[in-house]
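In the numbering used here, the protein residues as written are 339 to 667.
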């Protein structure tokens, strides 16, 4: 073939290429959006000059977007950039869903069909087991009913015997309670019939204290003595000890220190047994002063020191005893 033939052949090939390109352009223009996205994805992935050029454009676009986004964040538009990025992600997700929905729908249909098949198999295997469980439960309920009937009869017989025993016990207990209530009522009535002896003792003690302050020591001694007798009858040990201390003070002022010292010692011993250290220390202080008035100065100072050890430094009794010791020294 001559040069003209080769030239004709070359022109014919170029015409065919142009025609194919025109057909391809018309095909792309008539594609649906999903098909266009798929074609774009295929072009990006193919190893050709067009694919490489498209990939470079995508990389350049992403780099430019990152650069512009960084500038916006730097000048204080970070929230705007985040909102724009979220909107872009939503658009990409929608585009991908539109493009690949047929494949996704087919895969989803396969998954649903598999799930239905497995569910039918599972429930088919579960149904016999459920029926067997119901059968065993029904048999168990019947057995419980029979056992309940037998137990009810047995319990009825035992309850009857227990009722007779309980009736006899309640009868004897009621008689005992009636006797106890009668004796308690008798004691309460006897106490109510008596005068208010504790109140009388308190009034006598207060009167004796006032008599002692007024200098009427004999009358004070009589009031405290009568109060002690009443409290002994009531067996109130603490009240007896405190009243004995008042009686000892009245006797000491009246000049009878011998009897007063004995009462102080007895009252202090009682309060020591009861664990009342504060009142015990106060009575011991009065005892120490009585010893000193009686001429036993060293013994009195020792008792006062012992009384101080039982009191707190902030108490008025402690300060009074300390002042007395300072005066004595």
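Beta carbons are placed, not taken as given, at the ideal position from N, Cα and C, and that holds for glycine.
Small disclaimer: the values here were computed from a predicted structure and weren't measured.
Residue i CB to nearest heavy atom of the ligand MG below 7 Å
i	result
residue 468	Of the ligands one can find in the structure shown there are none, so the ligand MG has no counterpart to examine.
Spatial neighbours of residue i in its chain, beta-carbon cut-off 6 Å, leaving aside the 5 residues before and after
i	result
residue 626	638, 641 and 642
residue 590	598 and 628
Backbone secondary structure at residue i - three-state DSSP
i	result
residue 461	helix
residue 556	helix
residue 647	helix
residue 573	coil
residue 591	helix
residue 675	This structure cannot settle anything about residue 675, because the visible part of the chain is limited to 339 through 667.
residue 512	Annotation note: pLDDT 45 at residue 512 (below 50); position unreliable, coordinate value reported separately. It is helical.
residue 652	coil
residue 639	helix
residue 665	helix
residue 386	coil
residue 478	helix
Contacting residues, own chain, Cβ-Cβ under 7 Å from residue i (five flanking each side not counted)
i	result
residue 410	418 and 419
residue 479	none
residue 538	568
residue 363	Caution is warranted here: a pLDDT of 44 is assigned to residue 363, below 50, making its placement in the model unreliable, and the coordinate value is therefore given only provisionally. Counting only Cβ-Cβ distances below 7 Å, and skipping sequence neighbours, we find nothing.
residue 556	592
residue 656	646, 649 and 650
residue 293	Given that the chain is displayed from residue 339 to residue 667, the structure contains no residue 293 and the question cannot be resolved.
Of the listed residues the options, nearest to residue i (C-alpha basis)
i	options	result
residue 605	592, 473, 623 and 462	623
residue 582	568, 596, 602 and 593	602
residue 579	383, 548 and 619	619
residue 424	407, 412, 414 and 413	407
residue 541	563, 555, 554 and 553	563
residue 650	421, 661, 539 and 616	616
residue 595	560, 633 and 536	633
residue 544	561, 450 and 390	561
residue 585	576, 550, 613 and 394	550
residue 613	380, 648 and 644	648
residue 558	587, 535 and 534	587
Residues near residue i by beta carbon distance below 8 Å, same chain, minus five either side
i	result
residue 432	none
residue 661	none
residue 654	none
Residue-chain proximity (residue i, chain B), Cβ-Cβ < 8 Å
i	result
residue 448	The displayed structure is made up of one protein chain only, and chain B is not part of it.
Exercise. Using 8 Å as the Cβ pair cut-off and three pairs as the minimum, do the stretch 609–623 and the stretch 554–573 touch?
Worked result: With fewer than three CB-CB distances shorter than 8 Å, the stretch 609–623 does not count as touching the stretch 554–573.
For this session: Return the chain-ordered ranges of every alpha helix (DSSP H) run that is complete within the stretch 599–635 and spans a minimum of 4 residues.
Result: 615–631
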